[in-house]
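Protein sequences, first through last, are from chains A and B.
In terms of my numbering, the first sequence is residues 1 to 299.
In terms of my numbering, the second sequence is residues 1001 to 1254.
We treat Cβ as the ideally placed atom computed from N, Cα and C, and that holds for glycine.
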Amino acid sequence: MSGPRTVALAPDQTADPPRTASPAVAAVAPPAGTGAGRTRLLRSKALRRLISPVILLALWQFVSSAHLIPASKLPPPTEVWSTTMSLITSTSPAYGSLQGNMLVSLERVAVGFACGATVAIILAVLAGLSRLGENAVDPLMQMLRTLPLFGLIPVFIVWFGIGELPKILLIALGTAIPLYLNTFSGIRNVDAKLAELGRVLHLSRRELLGQIVLPGALPQVLVGLRQSLGVAWLALVVAEQFNASAGLGFMISQGTQFDRNDVIFVALLVYCVLGLLTDALVRLFERRALSWRRSFVAQ
Amino acid sequence: MASQLRSAVTMRRGEDESAALPVAQVRGMSRVFGERRVIDGLDIDIAPGEFIALIGRSGSGKSTLLRALAGLDREVTGEVIVNGTTAVAFQEPRLVPWKRVAANIRLGLRAPDPQAVSSAALAEVGLADRANAWPLTLSGGEAQRASLARALVHEPRLLLLDEPFSALDALTTITMHQLVLRLWRLHRPAVLLVTHDVDEALSLADRVLVLSGGRIGYSCRIDAPRPRDRDNPDLITLRADLLAELGVTMEGIK
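1. Given a limit of 7 Å on CB to CB distance, which residues of the region 1059-1077 of chain B reach chain A?
2. Determine the burial state of A:Ser65: buried for a count of at least 16 other Cβ atoms within 10 Å of its Cβ, exposed for fewer.
3. Assign A:Met85 to buried or exposed, taking buried as 16 or more other Cβ atoms, counted over all protein chains shown, within 10 Å of its Cβ.
4. Residues in its own chain within less than 6 Å of A:Leu149 by CB, not counting five upstream and five downstream?
5. Cβ closer than 8 Å: which chain A residues qualify as neighbours of B:Val1208?
6. Let me confirm a value: B:Gly1247 is counted as buried when at least 16 other C-beta atoms fall within 10 Å, else exposed. Which label applies?
7. For the beta strand (DSSP E) containing B:Thr986, list its first residue and its last residue.
8. Could you name the residues of the region 184-209 of chain A whose beta carbon sits closer than 8 Å to any beta carbon of chain B, in the order they occur along the chain?
9. In whole angstroms, what is the alpha-carbon distance linking B:Val1180 and B:Ala1167?
10. Taking 8 Å as the threshold, find out whether the region 1128-1135 of chain B comes into contact with the region 1092-1112 of chain B through three or more Cβ pairs.
11. Can the beta-carbon of B:Met1029 be found closer than 8 Å to that of B:Leu1021?
12. Taking Cβ positions only, does A:Ile212 come closer than 8 Å to chain B?
13. Can you grab the Cα-Cα spacing for the pair B:Arg1150 / A:Leu194, in whole Å?
14. In chain order, which alpha helix (DSSP H) runs of at least 4 residues are fully inside the region 1146-1214 of chain B?
15. Among A:Leu222, A:Thr83, A:Phe242, whose alpha-carbon lies nearest the alpha-carbon of A:Leu165?
16. Measure the CB-CB distance between B:Pro1146 and B:Leu1127 and report whether it falls below 8 Å.
17. Check whether the region 1200-1215 of chain B touches the region 1048-1068 of chain B, counting contact only when three or more Cβ pairs, one atom from each stretch, lie closer than 8 Å.
18. Please compile the residues from chain A whose C-beta is within a distance smaller than 7 Å of the C-beta of B:Pro1097.
19. Leaving out five residues on either side along the sequence, give the residues of the same chain with a beta carbon under 6 Å from the beta carbon of A:Val63.
20. For B:Arg1027, which residues in the same chain have their Cβ closer than 7 Å to its Cβ, ignoring the five residues on either side in sequence?
21. Helix, strand or coil for B:Phe1090 per DSSP?
22. Cutting at 7 Å between CB atoms, please list the residues of its own chain near A:Ser291, excluding the five before and the five after it.
23. Based on DSSP bridge pairs, tell me the residues matched to B:Asp1045.
24. Check A:Tyr271 in the structure and name its three-state DSSP category.
25. Looking at B:Thr1175: is its Cβ nearer than 8 Å to the Cβ of B:Phe1165?
26. Going by C-alpha to C-alpha distance, which of A:Ala244, A:Ala232, A:Ile153, A:Gly161 sits closest to A:Cys272?
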């Protein structure tokens, strides 16, 4: 394999697996019709998305190793990694364990998101399907939308104390608003001609909702869902930095107190990963649920 | 004025389908859009199993009448009685894009074995192999055939066709005409076909009605056996008459 470069790029070498990561070789990969060719193409696409994060990581390590920025301001990746490992393997009195904090945070997001999403969908259906509902619900939601979410924290603490409730409520509220707005507009944008078809076919109200209105609004609902999940994680960090005794936000505020930038970075990176994972989950669902549309785009 | 006062519409969508009853009876129907009286005291009777083509210039109220018969327009005045079930095939096929073709056929269908019914209906329109396709992957002609199948599974006594072929190319339209006639003979619904195409009306219908000034301005019966030859001298005369009724002469527009 140490031959001249021109030989490595010759057509008979294109099957060489490590080379498929490079776009230039992926372009001359076997025709997309073959199964192997297609998976390889997909894999190389996924790999290409990793290029920029990897470069960023390398840059970060370089900056730290060259002492361009002191470790107290920006801990090097190696240090963040070892801190991560020690937070996973041991439970420190100051921070708890990483996985324990993650579980607490995940639970808060899940409960808050579930509550917020349920309320948002119910309200959006009410507002979307009737003028009365729209007049009753929409002005309130539009008002809430303009409220700065985090400005509510002091009020929530006064009202609900410092337990779980204000944290969950904050996440629920942050989740509900983008989901409501998108679901409402999704319902309103369902083709009126299909609603008319429903009348001609004598669909019951339930059938109309379940087979025409909601599936028709789904693409927009999913846009709202992704926005909501983003806000949910955001609200979580903020909520957990006030009077929490566990969770990722708690780790960050403890790290601030004890001047441990590496711990803060671990928590922030875990946020990133969890945010990416939940987004990937929605995308996966989207691919399945909207396959009728994908087949159209693929034409 | 009288028809304005009698503002309640009678819509009887009974299950009474005894063969003698007319499929539809319309008396003194009117429909006003703003200042315009699009339909003005219109009368029409539709007998069981008859194939009617309704033609008229654009904006003459053809679709308004069809929508009233379909029960889609609640603001018509006068008397509109429809005896038995109706089904509609629209100008655009209106297939629900997130339901596969077979599921579209079954939409709203109350039958003991909907699966079997939809398969049979798709086979009838030559779409058996497209049952699992997404509607957005169908061609225009295929989508319109699916739409016809969906209308027919309800075994309508009155089949309303709202310019269903106007967006199709000429060759597809010819095959669609043959298909509609075959399905009509098979199921024997009364058909009201709204169209702006005089030749389409002449080749398909038992009776051609011209809508003008908000009423049926002209009506003629065609007894020529199908398939009809466009060069049939009777049809040529009739075509000229119909075009004249629509305000078109060989020299141009009156």
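Put simply:
1. Ala1070, Leu1072
2. exposed
3. exposed
4. Gly174
5. Per Cβ cutoff of 8 Å: no residues; B:Val1208 is ~25 Å from chain A at best.
6. exposed
7. Only positions 1001 to 1254 of chain B appear in this structure, which leaves residue 986 of chain B out of reach.
8. Lys193, Leu194, Glu196, Leu197, Gly198, Arg199, Val200, Leu201, His202, Leu203, Glu207
9. 16 Å
10. yes
11. no
12. yes
13. 14 Å
14. 1170-1187, 1198-1204
15. A:Phe242
16. In the sequence on display, residue 1146 of chain B carries Ala and not Pro. Yes, they are a contact pair.
17. yes
18. Trp292
19. Ile69
20. Asp1043, Gly1078, Glu1079
21. coil
22. none
23. B:Gln1025
24. helix
25. no
26. A:Ala232
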